[in-house]
Every structure is written in structure tokens, then in C-alpha cells.
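In the numbering used here, the protein residues as written are 4 to 435. The structure appears right after this line, and notes come after that.
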Ligand code: C2O
Ligand code: CU
């Protein structure tokens, strides 16, 4: 691949298919081979894996508190499973082979039923050989709609990813290259965003739901043509709108923004070489009705408040290239142990509050994801910070999190740089 695609911006961007299931009707997701135009039109389409004929898969729109059932039909010639990332659901529906279910074999169907408890922006993705299946396209947006939506003219999903492409538009078929696993992970040479809508008016107020669906790439984001605030992270409303300045999304992280449109909107990844256009939103016409009042916070999440932690555990990320040392038997380790072991890293009684110190003793950043729960990031002042399901810990940094382990079951805790996860950086916790 030459630098042309990597540095050029992709302007003719396809639109995400949106599936709305008003009465929370059963949903059918067919995992299948898909050929999709990922590169700008004029270049070749790409043979990938997706759901219901597209990449990303259909955007699922659910209602909080209402049960849903989703049939995942495996039309691939290999196994699969689907994880509903960020949803605090029943353990048996979490989609993790070996821990919560058997893999879905080719030409088999598994029904996932759950009640999404929290409004917000989530996503779904393969959780079986996911460093490869997600890289090939098996992911989509999962939106839990607000009871009382904010006052906006449009609600637009912006799903970001990257791929390692050959000049002819085919994917480079190597997802476990040991060099990349030991460094920053599989990294695309082409990145873009998929928008659920391609046009707005000047003067519109818009909610953007940004989702980083890339397997390993961290996206530092800057937005032109619009001004506004971040109103939610990882699905959870912030207590007050926050500046867009310095917005960074680690793999699997989401951010909801509310902005006012002044001109054509560009979503850029900020790199040391300059900015790289991920997506464009066209502006046509003027919204003459909208009275731009202040941008308000979304309704606050309804999660149990932490009590004084009864356990304080430390999880040290170890390994990788550039001096990482540990006693595990894979490239990466957590507390000197690689990969899933029979014993959990932590055991909690249902409802117990615990504090975990995440120590990054490696030369690379890691986005650590806990299944089935959201946790608080603890600020430097020791106060409860943002509620997240994935936290980015930079090389050499330490971050404390506090979590109310109120969801019984066996839950993964792993790096969401999927190359690092397959390279050993995974463990699990048990909530009795
Ligand atoms: Cu988004 Cu273990 O996954
Ligand atoms: Cu990692």
C-alpha cells in the first residue's frame, strides 16, 4: 500500500444501514462474508466479514428496560460469538467463548436475550478470534435510546475503524504478526468513519455518537465545522458537558457529542504528520427554526453508588517489546500471568465495592475493558471521575478504578487492543 490512501481523505463515504426495532422485535444478525466498498469509490471493494450484508453491521436501536432477543446466525465457515460491549447484561449473554458460552458453530444460531439497563452508545462485535474477526469487519453500533432524548435535530452515529489494505483493496491477511502483537498491535494503513447520515443543515444541533471499533488504533479526534461539547463517555452521561478539546478514543471507547453546525463537518484523526480525514458530513440549507440555547447534560445514569472499598487489588500490565519482562508464557501478562487461568484475578461478593490499581509497566498504552460493569476512573485528587467500561492507561502510568461488582458471573477483564488480548493480556473476575 502506498501512502496515498493513508494520507488522502476518503470523502465519498457510505452511509450506515440503520435498523430500528420499535417494539423491540426479535432481531436477526447473520454473520457472513461481505464485499464492501471501504476505500474511496474508484478503488476496489474489499472482501470482509460482516452482519446482514454490511460493514459495519446494522445499527441496533434498543430501549432501556425492555427485553430484546437477537438471533445470531453463523453463515461463516468458522465459529463465532457476539459480545454486546458495555451493556450490563446477564452473564450467560455476554458472548465470551470458554467463559460464558460455547462458540456458535458454522450454520448454527444462538439467541441472545437481555434487558439493556442503561441508555447510551454501545456496540457489538465478534468475541471469537476477535483480533481477526473484528479486523475483518464483524462489528456494529448498538444504541440504547433515551426515554427523553436531548433537544437535537439529528442523532448521527460515527463508527471509526482502520484496516491494513493492499493496493488492490484486499485485506492483508495477517492478524497475528508477532512484531505488531508485541508492539502497538495490528494497525491499519487506511482509516475512516461510517456515518449513519450524510447531510445536515447549517444551524442544526446534532448529537454525534462516536465509536472506536478499531482493533488497536487510538484515535485522537478533532472536529471542524461544529462547536459543542462531549456529553457522554462509554454510554454514560457526564454530569456536565465537557470541552471537545483533546478528545481521545481508545479501542472500544465511545463519546457522545452535542454540537451546533456552522459549516461542512470534518472528523479528523490528529497525527504527528498532521490531520487525517476520517469522515465528512455535508451541509446543505439553513435551519432557520432552531434557537441555539445552552447545551445541557443528558439525564444522569442510574448506577449503584460505590461504598468504601472492601478490597484493593493491583493489576500490573507487563510484557511486550522494548523491555517488557514477566513470568507469563505469552507476549503480554497481567500480574506475571498470561492468558485466562482457571482462577480469577479477583473474587467479589455481589454488590461489593472494590478498588483496583491498574499499573502500566510496559512501553505501550493499553485500553483495559471490564465486562458486565461500568467503573469509576479515580482522578488525581482521589475523587470519583468518569464512569467507563474501558479505560486508557498510557505507558508508565497508573490509574485507579472503583467498581461496584453487582453483576453476578464470570467477567473478562482484558486489554481491548485485540492484538494484546490475543498476546496474553486477559484475565477474569468472579462475582458471586
Ligand atoms: Cu469489546 Cu471483551 O470486549
Ligand atoms: Cu494493550
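C-beta: ideal position from N, C-alpha, C; glycine also.
{"Item": "Let me make sure I understand the geometry here. Which of 234, 205, 237 has the alpha-carbon closest to that of residue 266?", "Value": "205"}
{"Item": "With 16 as the cutoff for other CB atoms within 10 Å, does residue 113 come out buried or exposed?", "Value": "buried"}
{"Item": "Pop quiz: residue 218 and residue 137 are said to be a contact at Cβ under 8 angstroms. What is the actual Cβ separation, rounded to whole angstroms?", "Value": "5 angstroms"}
{"Item": "Output the distance between the C-alpha atoms of residue 50 and residue 210, rounded to the nearest integer angstrom.", "Value": "32 angstroms"}
{"Item": "Using 7 angstroms as the threshold, is the C-beta distance between residue 371 and residue 361 below it?", "Value": "yes"}
{"Item": "Put residue 425 into one of helix, strand or coil per three-state DSSP.", "Value": "helix"}
{"Item": "Report the option in 241, 283, 179, 238 whose CA atom is closest to the CA atom of residue 228.", "Value": "283"}
{"Item": "Starting from the N-terminal side, write out each stretch of the beta strand (DSSP E) that is 3 residues or longer and does not extend beyond the segment 173–228.", "Value": "193–198, 202–205, 208–215"}
{"Item": "Once DSSP output is grouped into helix, strand and coil, what is the label at residue 134?", "Value": "helix"}
{"Item": "Any idea what DSSP makes of residue 9, helix, strand or coil?", "Value": "Caution applies to residue 9, whose pLDDT of 49 falls short of 50 and renders its modelled position unreliable; the value that the coordinates give is listed next. Helix at residue 9."}
{"Item": "Would residue 349 and residue 306 be called neighbours here (beta carbons separated by less than 7 angstroms)?", "Value": "no"}
{"Item": "Please classify residue 271 as buried or exposed, where buried requires at least 16 neighbouring CB atoms within 10 angstroms.", "Value": "buried"}
{"Item": "Could you give the DSSP three-state label for residue 25: helix, strand or coil?", "Value": "Note that residue 25 has pLDDT 46, beneath the 50 cutoff, so the model's placement of it is unreliable and no number is given."}
{"Item": "Nearer than 6 angstroms: is that true of the beta carbon of residue 369 relative to any heavy atom of the ligand CU?", "Value": "yes"}
{"Item": "Given this structure, state the Cα-to-Cα distance separating residue 1 from residue 268, to the nearest angstrom.", "Value": "Outside the shown range of the chain (4 to 435) lies residue 1, about which nothing can therefore be said."}
{"Item": "Of all the beta strand (DSSP E) runs that stay within the bounds of the segment 245–309, which reach a length of 3 or more residues?", "Value": "257–274, 277–289"}
{"Item": "Of all the options 175, 355, 55, 400, which has the alpha carbon lying nearest to the alpha carbon of residue 319?", "Value": "400"}
{"Item": "Is the separation between the beta-carbon of residue 405 and that of residue 309 shorter than 7 angstroms?", "Value": "yes"}
{"Item": "Apart from the five residues just before and just after residue 278, which ones in its own chain have a Cβ nearer than 8 angstroms to its Cβ?", "Value": "225, 271, 272"}
{"Item": "Measuring straight from C-alpha to C-alpha, what distance separates residue 330 and residue 341?", "Value": "8 angstroms"}
{"Item": "Could you check if residue 423 belongs to the surroundings of the ligand NAD, using beta carbon to heavy atom distance under 6 angstroms?", "Value": "As far as ligands go, the structure on display features the ligand C2O and the ligand CU and does not contain the ligand NAD."}
{"Item": "Can you tell me where the beta strand (DSSP E) with residue 147 in it begins and where it stops?", "Value": "142–148"}
{"Item": "Looking at the strands, I want to know which residues DSSP matches up with residue 157.", "Value": "209"}
{"Item": "Compare the Cα-Cα distances from residue 411 to each of 390, 433, 421, 393 and report the closest residue.", "Value": "433"}
{"Item": "Which residues in the same chain have their Cβ closer than 8 angstroms to the Cβ of residue 95, if we skip the five residues on either side of it in sequence?", "Value": "103, 104, 412"}
{"Item": "Any heavy atom of the ligand C2O closer than 6 angstroms to the Cβ of residue 395?", "Value": "no"}
{"Item": "Taking the alpha carbon of residue 234 as the point to measure from, which residue in 123, 203, 193 has its own alpha carbon closest?", "Value": "123"}
{"Item": "Quick one: residues in its chain with C-beta nearer than 8 angstroms to the C-beta of residue 190, no 5 flanking neighbours on either side, listed in chain order?", "Value": "165, 167, 183, 219, 220"}
{"Item": "Do you know how far the Cα of residue 150 is from the Cα of residue 116?", "Value": "21 angstroms"}
{"Item": "May I ask whether a heavy atom of the ligand CU can be found less than 6 angstroms away from the beta carbon of residue 51?", "Value": "no"}
{"Item": "Tell me which same chain residues have a C-beta within less than 6 angstroms of the C-beta of residue 99, skipping the five on either side of it?", "Value": "130, 415"}
{"Item": "For residue 417, list the residues DSSP reports as bridge partners.", "Value": "372, 429"}
{"Item": "Can residue 324 and residue 368 be called in contact, C-beta distance under 7 angstroms?", "Value": "no"}
{"Item": "With DSSP run on the structure shown, which of helix, strand or coil describes residue 47?", "Value": "coil"}
{"Item": "Please write down, chain order preserved, every residue whose beta carbon lies under 7 angstroms from a heavy atom of the ligand C2O.", "Value": "86, 88, 99, 128, 130, 255, 372, 374, 415, 417, 419"}
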